[in-house]
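End of the sequence shown sits at 200 in the numbering used here; the numbers just go up one at a time, nothing left out.
Heads up, the beta-carbon is just placed ideally off N, CA and C, and yes, glycines get one too.
Below: one structure, written as structure tokens.
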Amino acid sequence: MRRLLPALLAALLVLPTGCAQSKEEARDAYCKKVKAESESITRKVDEGGAGAALDLLPTLEGLAEESPDDLKDEWQTYLNALRGWRDALDDAGLDPEDVAKGLPEGLSREERQRVLGAISVVQGDDVKAASEGIEQQALDVCGTSLL
């Protein structure tokens, strides 16, 4: 048993490194997914109105999971803002279209503040910079527009 333990530990240490993707492979996998999703994202944004970004959230989360390490922060910032907006709308019982032309009457002060705060975050400089970084990487590395 004692002789078997070092061999087993060595095998376990080798397994993760043998299965891991190189940075180039990870980038290629991400770009493949970006190219596969870019047309449908553009179409949904063009047709989707105020709620398009929230409708695309599962697709965007899938892209974020595949993104290279140097884009993880940008994706996290972007997705956290969208999730915050979604949650604020859900908590107030609203859809994105309900706030496209201003907040409806009948919201509590807390709901109003939360929705306005979430909209402010989505429109803020951090989210703008994150989306620009994601888009620039898609253009420069993957050769296609994304957001």
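Inset, instruction - Please name the residue in Val175, Leu192, Ala82, Ser75 whose C-alpha comes closest to that of glutamine 129. - result: Val175
Inset, instruction - Grab the span of the alpha helix (DSSP H) containing lysine 85 for me, first residue to last. - result: 76-101
Inset, instruction - Note down, in chain order, each residue of its chain lying with its Cβ closer than 7 Å to the Cβ of proline 111, except the 5 sequence neighbours on either side. - result: none
Legend entry - Contact with chain B by serine 93, beta-carbon distance below 8 Å: Absent from the structure is chain B; it holds one protein chain and no more.
Inset, instruction - Give the straight-line distance between the Cα atoms of serine 93 and glutamate 150, rounded to the nearest whole angstrom. - result: Roughly 21 Å between the two C-alpha positions.
Legend entry - Stretch pair the region 143-157 + the region 165-172: three plus CB contacts closer than 8 Å: yes
Inset, instruction - Find out if the Cβ-Cβ distance for the pair valine 87, leucine 116 is shorter than 8 Å. - result: yes
Inset, instruction - Helix, strand or coil for leucine 68, going by three-state DSSP, please let me know. - result: In this prediction, leucine 68 has a pLDDT of 40, which is less than 50 and means its spatial position is unreliable; what the coordinates show is noted afterwards. Correct three-state label for leucine 68: helix.
Inset, instruction - Please report how far the alpha carbon of alanine 183 lies from the alpha carbon of leucine 142, in whole angstroms. - result: 22 Å
Inset, instruction - Report the partner residues of glycine 155 according to the DSSP bridge assignment. - result: Ala153
Legend entry - Cα-Cα separation between glycine 101 and glycine 196, rounded to whole angstroms: 25 Å
Inset, instruction - Take valine 194 and list the residues in its own chain whose beta-carbon comes closer than 7 Å to its own, dropping the five residues that flank it on each side. - result: Arg80, Cys84
Legend entry - Assigned exposure category for leucine 199 - 16 Cβ within 10 Å defines buried: Answer is buried; the Cβ neighbour count reaches 16.
Legend entry - Alpha-carbon spacing of aspartate 144 relative to leucine 107, whole angstroms: 15 Å
Inset, instruction - Below 7 Å CB to CB, which residues in the same chain sit around alanine 105 once its five sequence neighbours on both sides are set aside? - result: Lys97, Val98
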